[in-house]
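Just so we're aligned, residue 213 is where the sequence shown starts under my numbering, counting upward by one. Cβ atoms here follow ideal geometry from the backbone N, Cα and C, with glycine treated the same way.
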Amino acid sequence: MFVRFASNQQITLKNNSNFQLSTFNSPLFYILAAVVLWSTGGLFFKLTTVSAYEVNLGRCFLAAITIGLLTYSKGLKLNRFTLLSAFLYAGTLSAFAIANKKTTAANAIFLQYTAPIYILCFAPVILREKFRSSDLVTVVICLCGMALFFFDAAPNANLSAASQFEGNIYALVSGLFFGLYFTLLRHPLSLKQNPAVSVFYGNIIAVLMMLPFVVSNPSVWTTQDFLAVTYLGIFQIGLAYALFTFGIAKGVRSLDASIIGFIEPLLNPIWVFLIVGEKPSNWAILGGFVILAAILLHTIRQQKQPKISPQMNTD
């Protein structure tokens, strides 16, 4: 998943002899490192042998501890908007975890990245933002891209057609929850709160949601399962959140963060293909390209228009 903030600040990179040092001290380096960590989520889901419920419980438990330790000093007070955001975040995490077990990593991440089209639809109602004709064009193009994922006549050899279809639906639900989550975080009452609040409590809620499924049908964990889940919780969510927050605090522009964020869905299926051998279908590749291209162009176009408030969205 990804986190995205908006900022009007600029950053300047030094050149010549100081290039290497300034690159690694640059806020963009921390943003890039966070996005690369997020992109490994699909791979480590595929490396586990236990159920999606168990993976999600374990990673969310560790992520809550990590994020709590990193951000408790800023306060973890809830209001009704951040509480609802926390439930939506928990739904995002849980649906995405199930999607990764039932469909390909490429389908899961590409379909989750449909979240911006839901934001375009919800923002006029929740935030009273204007819905432009260009927004409608973006939504229609993304819907066409989404449809391509369901045209696959030759499902992945390790997954049945029924499983992939169900996984695609969970991925879409994850995108829906994520779109609602981000929209609520942009509400004025949410902006007054520590943005980590909904992430912290969302992980706790996800743990509670998974408990009944895990207790009723526990699996035998291998060492690889423990290591993969530990990585997902502490590094892929917790450390990535800290790196991204640090980079944003140092002044990365919204456009820069948004464009770098698109590295995640591109790298995600590549890691899985290289390590696990799972290959996305041609329809999935085409659909993912359509969705990402539409959202990227919309993002760039929006950045050329006046912005009024800082924003954030999280994985």
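> Whose C-alpha, out of T261, A311, P328, is nearest the C-alpha of I321?
Replying inline: Residue 321 sits at position 109 when you count from the first residue of the sequence shown. The shortest C-alpha separation from I321 is found at A311.
>> Within a Cβ cutoff of 7 Å, which residues of the same chain sit near L392, ignoring the five residues on either side of it in sequence?
In response: As a first step, residue 392 must be located in the sequence shown, where it is residue number 180. So the list reads L300, Y330, F334, once near-sequence residues are dropped.
> If we count the other Cβ atoms within 10 Å of its Cβ and call it buried at 16 or more, is V351 buried or exposed?
Replying inline: Here residue 351 is taken as the residue at index 139 of the sequence shown, counted from 1. The residue is buried, with at least 16 neighbouring Cβ atoms inside 10 Å.
>> Could you tell me the alpha carbon to alpha carbon distance between G254 and T304, rounded to whole angstroms?
In response: As a working note, residue 254 is residue 42 in the sequence shown. As a working note, residue 304 is residue 92 in the sequence shown. Roughly 14 Å between the two C-alpha positions.
> Can you list the alpha helix (DSSP H) stretches of 4 or more residues lying completely in the stretch 336-409, in chain order?
Replying inline: 345-360, 373-397, 400-403
> Is N268 near A309, with beta carbons less than 8 Å apart?
Replying inline: On the sequence shown, residue 268 is found 56 positions in, with the first residue counted as 1. On the sequence shown, residue 309 is found 97 positions in, with the first residue counted as 1. Between N268 and A309, the C-beta gap is smaller than 8 Å, which places the two residues in contact.
> Could you give the C-beta distance for I503 and G357, rounded to a whole number, given that I count them as a contact under 8 Å?
Replying inline: For the purposes of this step, residue 503 is taken as residue 291 along the sequence shown, with counting starting at 1. For the purposes of this step, residue 357 is taken as residue 145 along the sequence shown, with counting starting at 1. Rounded, the Cβ-Cβ distance is 4 Å, consistent with contact.
> Quick one, are the C-beta atoms of I507 and Y325 less than 8 Å apart?
Replying inline: For the purposes of this step, residue 507 is identified with residue 295 of the sequence shown, where counting begins at 1. For the purposes of this step, residue 325 is identified with residue 113 of the sequence shown, where counting begins at 1. In terms of Cβ geometry, I507 and Y325 form a close pair [threshold 8 Å].
>> Whether or not the stretch 247-267 and the stretch 435-451 are in contact is what I'm after, with contact meaning three or more pairs of Cβ atoms, one per stretch, closer than 8 Å; do they touch?
In response: yes
>> Judging by CA-CA distance, which residue of A418, T316, I353 is the nearest neighbour of S375?
In response: Here residue 375 refers to the residue found at position 163 of the sequence shown. Considering only alpha carbons, the answer is T316.
> Can you tell me whether DSSP reads G280 as helix, strand or coil?
Replying inline: As a working mapping, residue 280 is identified with position 68 in the sequence shown. Residue state for G280 is assigned as helix, using DSSP reduced to three classes.
> Hey, which unbroken runs of the alpha helix (DSSP H) at 4 residues or more fall wholly within the stretch 472-526?
Replying inline: 475-487, 494-515
>> Here's the rule I'm using: 16 or more other beta-carbon atoms within 10 Å means buried, otherwise exposed. How should Q436 be labelled?
In response: To locate residue 436, count along the sequence shown from 1; it is residue 224. When all chains shown are included, Q436 counts as exposed.
> By how many angstroms is the C-alpha of F273 removed from the C-alpha of I223?
Replying inline: Stepping through the sequence shown from its first residue, residue 223 is reached at position 11. Stepping through the sequence shown from its first residue, residue 273 is reached at position 61. Residue placement at I223 cannot be trusted, given a pLDDT of 30 that sits under 50; what the coordinates show is reported in the next sentence. Their Cα atoms are separated by approximately 35 Å.
> Helix, strand or coil: which one does DSSP assign to S238?
Replying inline: Reading the sequence shown from its first residue, position 26 is the one you call residue 238. Residue state, collapsed to three classes: coil.
>> Going by beta-carbon coordinates alone, are A298 and A452 separated by less than 8 Å?
In response: Locating residue 298 in the sequence shown gives position 86, counting from the first residue. Locating residue 452 in the sequence shown gives position 240, counting from the first residue. No, these two residues do not count as a Cβ contact at 8 Å.
>> Check for me: the alpha helix (DSSP H) holding G303 runs from which residue to which?
In response: If you number the sequence shown from 1, residue 303 lands on position 91. Residues 292-314.
>> Helix, strand or coil, according to DSSP, for V429 in the structure here?
In response: In the sequence shown, the residue the question calls residue 429 occupies position 217. Sequence inspection shows Asn at residue 429; the Val mentioned does not correspond to that position. Coil, per DSSP.
> Got a sec, what are the start and stop residues for the alpha helix (DSSP H) L457 sits in?
Replying inline: Here residue 457 corresponds to residue number 245 of the sequence shown, with the count starting at 1. Before going on, a small fix: residue 457 reads as Thr here, not Leu. 452-461 is the span of the alpha helix (DSSP H), which, as asked, contains T457.
> If we call anything under 8 Å between Cβ atoms a contact, is A418 one with F256?
Replying inline: Your numbering for residue 418 matches position 206 in the sequence shown. Your numbering for residue 256 matches position 44 in the sequence shown. No.
> Pick from L339, G463, S493, P492: whose alpha carbon is nearest that of I243?
Replying inline: Position 31 of the sequence shown, counting from 1, holds the residue named residue 243. That would be G463, whose Cα lies nearest to the Cα of I243.
> Could you give the distance in angstroms between the alpha-carbon of K286 and the alpha-carbon of R271?
Replying inline: Taking the sequence shown and counting its residues from 1, one reaches residue 286 at position 74. Taking the sequence shown and counting its residues from 1, one reaches residue 271 at position 59. Near 23 Å, if we compare the C-alpha coordinates of R271 and K286.
>> Does N319 pass the burial test, meaning 16 or more other C-beta atoms within 10 Å, or should it be called exposed?
In response: As a first step, residue 319 is located in the sequence shown; it is residue number 107 there, counting from the start. With 16 or more other Cβ atoms within 10 Å, it is buried.
> Can you give the Cα-Cα distance for L348 and F456, rounded to whole angstroms?
Replying inline: As a working mapping, residue 348 is identified with position 136 in the sequence shown. As a working mapping, residue 456 is identified with position 244 in the sequence shown. In a straight line, the C-alpha of L348 is about 30 Å away from that of F456.
> Whose CA, out of L295, I353, V262, T261, lies closest to the CA of Q405?
Replying inline: Position 193 of the sequence shown, counting from 1, holds the residue named residue 405. Checked all of L295, I353, V262, T261; the closest Cα to Q405 is L295.
>> If you measure between the beta carbons of A307 and F394, is that distance less than 8 Å?
In response: For the purposes of this step, residue 307 is identified with residue 95 of the sequence shown, where counting begins at 1. For the purposes of this step, residue 394 is identified with residue 182 of the sequence shown, where counting begins at 1. Cβ atoms of A307 and F394: not closer than 8 Å.
>> Report the CB separation of R398 from L339 in whole angstroms; it is logged as a contact under 8 Å.
In response: Counting from one through the sequence shown, the residue named residue 398 turns up at place 186. Counting from one through the sequence shown, the residue named residue 339 turns up at place 127. The C-beta distance from R398 to L339 rounds to 6 Å, short enough to fall under 8 Å.
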